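Visitor: Residue 1 is where the sequence shown starts when you use the UniProt record's numbering, and the numbers rise one by one after that. Using N, Cα and C, we set each Cβ at its ideal position, and we do this for glycine too. For clarity, every value in this text was computed on a predicted model and none was experimentally measured.
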Amino acid sequence: MFNTLLKKASESSFAAMASEALEARPGSPAGTRRPPGSPLAGQQQNGATQARKPRVPNPRTSSSGPSNPHSSNAQLASQLDEAHSDIESFQKLLQKAAQEKAEAEKSADQLRNEKDTLCEELEEARAIIKAMRSTLEDKAADEFLSPRLAGQDGALDVGKSDPLGAASLGNGVLDSPPTESSEPTEAAVEPLVAASLVQAPVTTALEEKIKDLTVQLSTQTEKCQELEGALNQRSEDLNKQKSDHDEKMKKMKAIFAAANKNLNEYRQTIAAKDEEIAELKSRLETQPPAVSEEQAREQSQAVQDLEAELKSQSEAAAIKVQQLEGKYRQTNSQLEKLKVEYQQYKQRASTLLQQQRESVQTDDDSKLKELQDQLDVMSKDNRSITSDLQEAEARKARVESELQLAMDQIASLESSHEISRRQERQHTRQLKDLERALKDAQREREAAESRIASIQELQAVEAQSLMQELGGNTKHIEERLAKKEEENAELHRILDRSSDELAAAKQEIQNLRDLVSSSETKPDVSNFASVSASTHNDAEVKNQVQQLLISTGLGSRPPFPIQDQESPISRTSSSVSLPTERPPVYSTLSDLLAAKPLVDRSPFSEPNAGPAVINAPLSSTKEKEYQVKLQHLTELLNESEANHQRLLDQEKLLKEEIRSQDRAERRQNLSVDYLKNIVLKYLETTDREPLLPVLTTVLQLSPAEVASLRKKNQVSASSLVLGGLFGGGH
C-alpha cells in the first residue's frame, strides 16, 4: 500500500514537471500559467521538486505569430507520449495493488489455517482431558465401590476387598466400634490418597494448558477478525482506487483518442495540401508548352490560397492544442488532489502506526521485523522513484533538444520553400523558351512530312515489286522444303536399315570366323548359303536406295573415293594365288549401292579352295563395304540437314520481309493529322510508356524498334530525374 502511494506521489510530481514543461513551451499563451496559490506553484516555490532552468523561447517562433503546424503536431505527439506513459504507470499501480491484495488474502488464509490448527489442538486437548477424567472415575469406582466375594461360607473379606469398611454398613454393624480390620484399611487408603495427590497436579496443569490454549485461541480469533476487517477495508480502498483510476483512465483515453483523431485529421489535411502543392509544382514542371501567362498567374494564386489555408489550419490546430493543454492541466489538478489525499492517508497511517507501536507487546517482534523489511523495501522503492525522476528529467532535456532540432528543420524547410518559389519563376521562363522551340519544331515537322510523303511513295512502288517477287519465290521454296523433308525422312529410314544390316553382317562375320577356326578340309555348304542370302539382301537394299536417289535427284554428287585395300587371301593361304585388284571408285550413292559385291568377283567358286581361304576375305570385304556405305549415307544425311536449315533461314528472312512490306502498306492509309497529334502528345508528355502501344499500332513498328524506344525513354526519364534533383532541370 505504501509503495503504491509513493508511486502515486512520484507520478503526480512527474505530471507537474510535464505541465511546467508545457507552460514553458515557446508559443504557449501567457494566460495558461498556474496561479500562485495552486499546489504545484507552492511546490515550485518551496523547492519540493528539483530546480530546473526555465526554457528560453525561440525568437523565430515567438515573433512569427501563430505556431507552425509541424511544431504543434510534434508537441501534441510528445504530450500524447507522456500521457501514454502516465497511463502505463497507472496500470502498473493497479497491478501492484492487485498483488498486495493477493498477498493480504494469502496472509488471511494463513491466519485462518493457524486458527484451524489451534482449534484442532484444543479439541485434541479436550478429548485427552475427557479420557483422563473417565479413566480416573473408572479407577475410583473400581477401587472404592466394588467389593469382592471370598471364603467358603459366603462371608465378605473386608480386610482385602473393602479397605474403607463400606461392607460393614451392609451387614448392620453400624453401632459396633471398629474392630481389628481398621488397621489394614488405613494402610490400604494411604497409597490411594498418595496416587490421587500425584494425579491432582497433572490435571491442574492440563486445565491450565487448556485455559492458555483458549486464551490463545480467543486472541488469534480476535487477530483474525481484525485482519479480516483490515483486509476488507483495504480491498474496499483498493476497489475505490481502482474505480477512480478506471474512470480517470477512461477520461484520459477519451481525451487522447480525440487528440489522436484531431492530429490524424490535421495530418491528413496537411498531407493533402502538400500533395496539392506537389501536384501543382509537377504540373508547372511538366506543363505543356501552350500554357499562357494567365494560367501561370492562376496557379500561383492557387498556391497562395493553399498557403493561407495551411496558416488558418495551423492556427486552429494551435487553438486545439491550447484546449488540450487545459484538459491536461485539469488532469494535473486531479493528480494534485490525489496527492493531498495521499498526504492525509499518510498522516492517518503514521498515527495508526504510532498507536500500534504503543500497543505492541513483546511477542510481536516478528511483526516489527516485517514492518522494518517493508520500510526497507519502501526506501528502495523511493530510491528507484528518485532515479526514475532523474531519468524523466534527462528525457525531458532530450525532448527539448529534439524540439530545437525540429524548429531548425522548420527554418530550413522555409528556406527550401523560398528556393522552390524561385525555381517556379525560372520554370515560367523555361516555358516561354519551350514555346518558341515548339514553333521551330512545327516548321521542321512540316518539312519532314513532305519528305516522308515522297519516301512513302517510293517505298510503295518498291513494296509492290517485292511482293510480286516474293509471291513466286515463297511457293517455290515451300515446294522444295516439302520435298527435302520427305527425302530426309527416307534417308533416315535407309540409314536405320543399313545399320541393322551392318550389325547382322558383323554377326555373320563372327560366325564365319568361328567356322574357319573349327572347320576341316571339307567345304561348308551352309556358309555359302548364308553368304548368298546376305548378298541377296544387299541387292534389295541397293535397289531401294537407287530408286530413292533417282527420285530425289541426288545422282549428281561428286565421286566418293574408297581407299585401296589389299586382299587378305594371299596372307592366309599360300597354295591359292588370287589376283590383287583395286576396289572400284563410285561416283554417287547410287553407283555405290548398284555396284556388284566383292563376293561375286572373288574366286570363291574354285572347287579346290578350302573354307578358311574363301570365308576370310569375304567377311573382311563385306564389312568394309558396309562401313563405306554407312559413311556415305551419313554424309548425305548431314548435307540434306544443312540444306534444310538454310532453307528455314531463308524462309524466316522472307517472312520478316513480308511483314515489313505489310506494315508499309498499312502506313500508306494513315492520316497525317492523326499522326501529328500522336507525335506531339508523345513529345510533350514525360510519361511516354502508355503511348508506346498507340505508336506501335499507328506506325506499325517492329519489336526491335519498340525495344529501342523503351530504352531511350528510360534514359531520358533518368536524366530528367537527375536534372530535377540538381538545379531544377537545367
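On a CA-only basis, which of V694, S243, Q459 and L80 is nearest L324? Give me that one, please.
Guide: When only C-alpha atoms are compared, the closest one is L80.
Visitor: Using 7 Å as the threshold, is the C-beta distance between L213 and L122 below it?
Guide: Against a cut-off of 7 Å, the Cβ pair of L122 and L213 comes out as a contact.
Visitor: Are F256 and A83 touching if we call contact CB-CB under 7 Å?
Guide: Cβ atoms of F256 and A83: closer than 7 Å.
Visitor: So what's D274 in DSSP terms, helix, strand or just coil?
Guide: DSSP places D274 in helix when its eight states are reduced to three.
Visitor: Using the three-state DSSP reduction, which class does D212 fall into: helix, strand or coil?
Guide: If DSSP states are grouped into helix, strand and coil, D212 belongs with the helices.
Visitor: Tell me whether V461 is buried or exposed, calling it buried when 16 or more other Cβ atoms sit within 10 Å of its Cβ.
Guide: With fewer than 16 other Cβ atoms within 10 Å, it is exposed.
Visitor: So S498 packs on K629, CB below 8 Å; how close in whole Å?
Guide: Correct: roughly 6 Å between the Cβ atoms.
Visitor: Note the first and the last residue of the continuous alpha helix (DSSP H) segment covering T696.
Guide: Element bounds for T696: L692 to L699.
Visitor: On the three-state DSSP scale, how would you describe S671?
Guide: Three-state result, S671: coil.
Visitor: So, is V215 buried or exposed, given that buried needs 16 or more other C-beta atoms within 10 angstroms?
Guide: That one is exposed.
Visitor: With distances taken Cα to Cα, identify the nearest neighbour of I87 among K250, E105 and E124.
Guide: The option with the nearest alpha carbon to I87 is K250.
Visitor: Out of Q347, S235, Q354 and Y266, state which residue places its alpha-carbon closest to the alpha-carbon of S314.
Guide: The option with the nearest alpha carbon to S314 is Y266.
Visitor: Assuming L280 and A302 are in contact, meaning their beta carbons sit under 8 Å apart, how far apart are those beta carbons, in whole angstroms?
Guide: Contact flag correct, Cβ pair sits at about 6 Å.
Visitor: Determine whether the beta carbon atoms of L217 and A108 lie at a separation below 7 Å.
Guide: Against a cut-off of 7 Å, the Cβ pair of A108 and L217 comes out as no contact.
Visitor: Could you pull out every residue in the same chain whose Cβ sits closer than 7 Å to the Cβ of L692, ignoring the five residues on either side in sequence?
Guide: These residues qualify, in order along the chain: V706, L709 and R710.
Visitor: When the distance is taken between beta carbons, is L284 closer than 7 Å to E418?
Guide: Result no, Cβ atoms of E418 and L284 do not sit closer than 7 Å.
Visitor: Which term fits K369, buried or exposed, when burial requires 16 or more other beta carbons within 10 angstroms of its beta carbon?
Guide: Flag for K369 reads exposed.
Visitor: Under a three-way DSSP split, which group does S517 fall into?
Guide: It is helical.
Visitor: Under the three-state reduction of DSSP, which class applies to R395: helix, strand or coil?
Guide: Looking at R395 - three-state DSSP - the assignment turns out to be helix.
Visitor: In angstroms with no decimal places, state the Cα-to-Cα distance between A448 and E684.
Guide: Their backbone Cα atoms lie some 18 Å apart in a straight line.
Visitor: Identify, in the order they occur along the chain, each residue of the same chain with its Cβ nearer than 8 Å to the Cβ of E665, setting aside the five sequence neighbours on each side.
Guide: Excluding sequence neighbours, E665 sits near A460 and A463.
Visitor: Let me check understanding here. Comparing Cα to Cα, which of K96, R667 and D138 lies closest to K242?
Guide: For the residues K96, R667 and D138, the minimum Cα distance to K242 belongs to K96.
Visitor: Could you check how far apart the C-beta atoms of L648 and T474 are, in whole angstroms? I think they sit under 8 Å.
Guide: 13 Å between Cβ atoms; not a contact.
Visitor: Quick one: which unbroken alpha helix (DSSP H) runs of 4-plus residues sit fully inside the stretch 406–482? Chain order, please.
Guide: Listed in chain order, nothing qualifies, since the stretch 406–482 has no complete alpha helix (DSSP H) run of 4 or more residues.
Visitor: Alpha carbons only, please: which of H644, Y328 and S134 is nearest the one belonging to K484?
Guide: Of H644, Y328 and S134, the residue nearest in Cα terms is H644.
Visitor: Out of curiosity, what's the CA-to-CA distance linking T269 and Q344?
Guide: Distance between the alpha carbons of T269 and Q344: 49 Å.
Visitor: Cutting at 6 Å between CB atoms, please list the residues of its own chain near L413, excluding the five before and the five after it.
Guide: Result list for L413: empty, nothing under 6 Å.
Visitor: Quick one: what does DSSP say G687 is sitting in, helix, strand or coil?
Guide: The displayed chain sequence assigns Asp, not Gly, to residue 687. Coil, per DSSP.
Visitor: Rounded C-beta distance between L306 and I277? I'm assuming under 8 Å.
Guide: That pair is a contact at about 6 Å.
Visitor: Just mark D162 as buried or exposed, buried being the case when its beta carbon has 16 or more other beta carbons within 10 Å.
Guide: Residue placement at D162 is flagged as unreliable, the pLDDT there being 44, under the threshold of 50; the coordinate-derived value follows with that caveat. Its Cβ being crowded by 16 or more others within 10 Å, D162 is buried.
Visitor: Express the C-alpha separation of T634 and Q507 in angstroms, rounding to a whole number.
Guide: If you take the alpha carbons of Q507 and T634, they lie about 22 Å apart.
Visitor: Have a look at E124, A230 and R112 and flag the residue whose alpha-carbon is nearest the alpha-carbon of K101.
Guide: Of E124, A230 and R112, the residue nearest in Cα terms is A230.
Visitor: For E684, is the beta carbon positioned less than 6 Å from some heavy atom of the ligand SAM?
Guide: Only the bare structure without any ligand can be found here, which leaves the ligand SAM out of the picture.
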